[in-house]
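Heads up: the structure comes next, in structure tokens.
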Amino acid sequence: MGENGSRLHFPSLFVYEPQEMEFNTSSSSRWLLALFGASLLSLSGCQSHTPEQAAALAAAQMQQKDEKFVTTFQMILRSYALAANEQELTGVMNMIMTVDAQNHVVDCSTKRGTLLPNQDLNNLRQAKLGKLVTDLCWTTLFPEVSPKVFADAKDTQVIVAPMVFTPLLGMSEEEQQKHTARIDFYKQIRFFREQLFAGHAIDSIGVASFHFIADAQGKVSECMVNLNQSPYRLQGFKVDSALQQRLVTQCKLLDLRQMPGFDSHPQGLPTGYVFVDYSPWMNGHAKAEQQ
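Quick note: the sequence shown uses our numbering, first residue 2, plus one each step.
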């Protein structure tokens with residue numbers, strides 16, 4: 002991290018199945034939100050305002066943007082963490098992500114959390130949890146950090162996101178089925194990512210969607226690939242016909258018998274669909290492991 006780098010600490014993210022998510026709003030946040038509402042009310046009948054009012058309104062608007070960034074980041078991270086945690090690991094892990102002034106991820110690491118001091122510290126489990134969180138950091142597309150927080154073009158920002166993985170208890174049969182389907186789909190995303198993107202240089206940001214047909218032997222007869230902007234990363238996307246064609250060609254060479262879940266389709270897969278987030282840093286986890 003550069004000399005100007007700073008850290009953004011998130012509230013703890015509880016990774017569990019119920020839809021409610023913990024978000025601890027500080028007293029200053031509540032004050033700014035209240036101030037924002039009052040400012041809109043008091044200014045609704047006039048066309049100009051004092052410098053103090055303008056500053057308060059600007060601060061409140063910035064606070065709203067910051068909170069939207071945090072809640073969106075948490076929503077994405079929680080969703081992917083649930084899907085990626087097929088072993089139902091439990092524990093507390095801090096995800097530490099460093100981004101540069103271009104909003105590219107330049108480093109990902111983890112640190113074991115201390116929110117549950119009495120929890121059994123199994124080193125193997127913690128290592129697996131650390132790898133899971135690190136992989137999520139590198140491969141998931143999160144919203145951009147506001148350019149205003151960077152001091153200059155060489156500045157970096159560190160995002161610290163505490164994650165609490167708890168047992169998935171009390172799910173209904175329907176919820177369990179949805180959770181299992183989410184895990185199975187993420188396994189397929191990982192398969193396509195590892196087969197088609199690992200080891201390749203990527204110079205744009207987006208989402209690749211694959212629509213394919215395969216026979217009972219796992220041979221792909223048709224594969225259509227679309228490259229689109231990520232709703233969370235509008236910057237950095239570009240039309241890349243070379244990447245698209247490479248993905249189509251290599252998709253048709255896949256042996257889908259190796260893809261998780263394919264064995265449940267003994268007659269073949271008449272309609273298959275997978276999407277993969279891609280970015281210049283998506284293979285950073287593999288490079289880090291080689292060092």
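Ideal placement from N, C-alpha and C gives every residue a C-beta, glycine not left out.
Less than 9 Å separating the beta-carbons of residue i and residue j?
| i | j | result |
| --- | --- | --- |
| Leu257 | Gly273 | yes |
| Asp278 | Thr140 | yes |
| Ser205 | Lys239 | yes |
| Cys224 | Val208 | no |
| Lys344 | Ser222 | The structure shown does not extend to residue 344, since the chain spans only 2 to 292, so no value can be given for it. |
| Ala102 | Lys66 | no |
| Ile203 | Met283 | yes |
| Ile214 | Leu270 | yes |
Determine the closest residue to residue i out of the options, with distance taken between C-alpha atoms.
| i | options | result |
| --- | --- | --- |
| Ser242 | Asn227, Leu235, Glu68 and Arg234 | Asn227 |
| Leu95 | Lys66, Arg126, Ile184 and Leu130 | It is Asn, not Leu, that sits at residue 95 in the sequence shown. The option with the nearest alpha carbon to Asn95 is Leu130. |
| Thr72 | Ser110, Ala162 and Leu83 | Ala162 |
| Arg113 | Cys224, Pro271 and Thr91 | Thr91 |
| Gln218 | Cys138, Met260 and Ser231 | Met260 |
| Ala128 | Glu145, Ser80, Ser110 and Met283 | Ser110 |
| Val150 | Leu170, Ser222, Leu125 and Asn104 | Asn104 |
| Asn123 | Ile214, Val93 and Asp101 | Val93 |
| Leu169 | Leu125, Leu83 and Asn229 | Leu83 |
| Leu78 | Val107, Val165 and Leu125 | Val165 |
| Lys132 | Ile97, Val107 and Glu145 | Ile97 |
| Leu235 | Val100, Leu142 and Leu137 | Leu142 |
| Leu125 | His266, Ser265, Leu244 and Gln88 | Gln88 |
Span of the alpha helix (DSSP H) holding residue i?
| i | result |
| --- | --- |
| Phe166 | Counting along the chain, Phe166 falls outside any alpha helix (DSSP H), though it belongs to the beta strand (DSSP E) covering Thr157 to Phe166. |
| Leu125 | Asn124 to Thr140 |
Can you tell me where the beta strand (DSSP E) with residue i in it begins and where it stops?
| i | result |
| --- | --- |
| Arg113 | Val106 to Arg113 |
| Val93 | Gly92 to Asp101 |
| Asp278 | Leu270 to Tyr279 |
With a threshold of 9 Å between beta carbons, is residue i in contact with chain D?
| i | result |
| --- | --- |
| Asn123 | No chain D appears in this structure, which consists of one protein chain only. |
Query - Meets three-Cβ-pair contact criterion under 8 Å: the stretch 163-180 and the stretch 188-200 - result: no
Query raised in the report: What residue ranges within the stretch 179-262 form continuous beta strand (DSSP E) runs of no fewer than 3 residues, ordered along the chain?
Result: 207-215 and 221-229
Query raised in the report: Is the stretch 194-205 close to the stretch 164-175, with three or more CB pairs under 8 Å?
Result: no
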